[in-house]
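Structure first, commentary second.
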Amino acid sequence: MKVLAISGSPRPQGNTRLLLETALKVLEGHGIATEYLSLHDKDIRPCLACMKCAKDKNRCAQEDDFMPVFETMTASDGLIVGSPVYFGSATPNLMALLNRAGFVARMGDNHFARKVGSPIVVARRAGVNFTYAQLQLWFCISGMFVPGSSYWPIAYGLNPGEAANDAEGLKTITDLADNIAWLLKKLAK
Ligand SMILES: Cc1cc2nc3c(=O)[nH]c(=O)nc-3n(C[C@H](O)[C@H](O)[C@H](O)COP(=O)(O)O)c2cc1C
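Here is the structure:
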């Protein structure tokens, strides 16, 4: 059983990483294998709407870093995506991946259905709930199970590391990861 966490932040050592690693540590405590992947050094371009995935099945025709990331996503039982809020939205880095992964899966073997996962969102001040909802739409249209937490899984911080000062945010992420582990184990029975 493995959970993959993907950071959509262009900052490799930023708050998104801190929060995702908090969740992964909790999952590891439950005996679940984890993998962390950051999009900051990946060349993943927006969907071209070329519709080649409808014919080719389970692959995108664009030759960039998408396919290895997609294959890592489909090989995982759980998926957490993390994004900073950029002008009230998820980052374009993350949305480019999710648009393409979602479409290739829908045109192919519906890989994400009945997997477990959740977004995690961080911001300086505003836009967290919109961005959480934006990302949750992707999980829901993909047929995934999205557990809740003790609050929405969001935290606050501007500069790298500042989210570590948000005790309630960290507690919410910890509770989310506990619920993801619980649900994964129930589904595996
Ligand atoms: C282009 C850009 C747009 C941003 N827009 C928002 C915003 O709309 N609301 C907000 O509260 N913070 C905003 N921020 C701040 C980031 O969300 C915040 O610094 C976050 O902690 C960054 O996460 P990271 O360290 O993982 O990159 C923005 C930052 C950048 C660079």
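Residue 22 is where the sequence shown starts when you use this note's numbering, and the numbers rise one by one after that. Think of the CB as a built atom: it goes at the ideal place given N, C-alpha and C, for glycine as much as any other residue.
Unbroken beta strand (DSSP E) stretches of 3 residues or longer found wholly inside the segment 142-184: 175-177, given in chain order. Lys78 sits close to Gly129, with the two beta carbons spaced by under 8 angstroms. The three-state secondary structure of Pro113, taken from DSSP, is helix. Judged by the Cβ position, Ala111 fails to qualify as a neighbour of ligand 1 at the 7 angstroms threshold, every heavy atom of the ligand being at least this far. Contact annotation: Leu205 and Leu118 have beta-carbon atoms that are not nearer than 8 angstroms. Annotated as proximal: Leu197 and Ser170, with beta-carbon spacing under 8 angstroms. In this structure, Thr95 has its CB at a distance of at least 7 angstroms from all heavy atoms of ligand 1. Relative to ligand 1, the nearest heavy atom lies less than 7 angstroms away from the CB of Pro181. Counted as a single uninterrupted DSSP element, the stretch harbouring Ile201 is not any beta strand (DSSP E) but the alpha helix (DSSP H) occupying residues 188-209. Ala126 has its CB no nearer than 7 angstroms to any heavy atom of ligand 1. Here the C-alpha atom of Ala70 lies approximately 42 angstroms from the C-alpha atom of Ala188.
For Gly29, there is no enclosing beta strand (DSSP E), as DSSP marks it with neither H nor E. Counting only runs that start and end inside the segment 48-123, the beta strand (DSSP E) elements of at least 3 residues fall at 54-59, 99-105.
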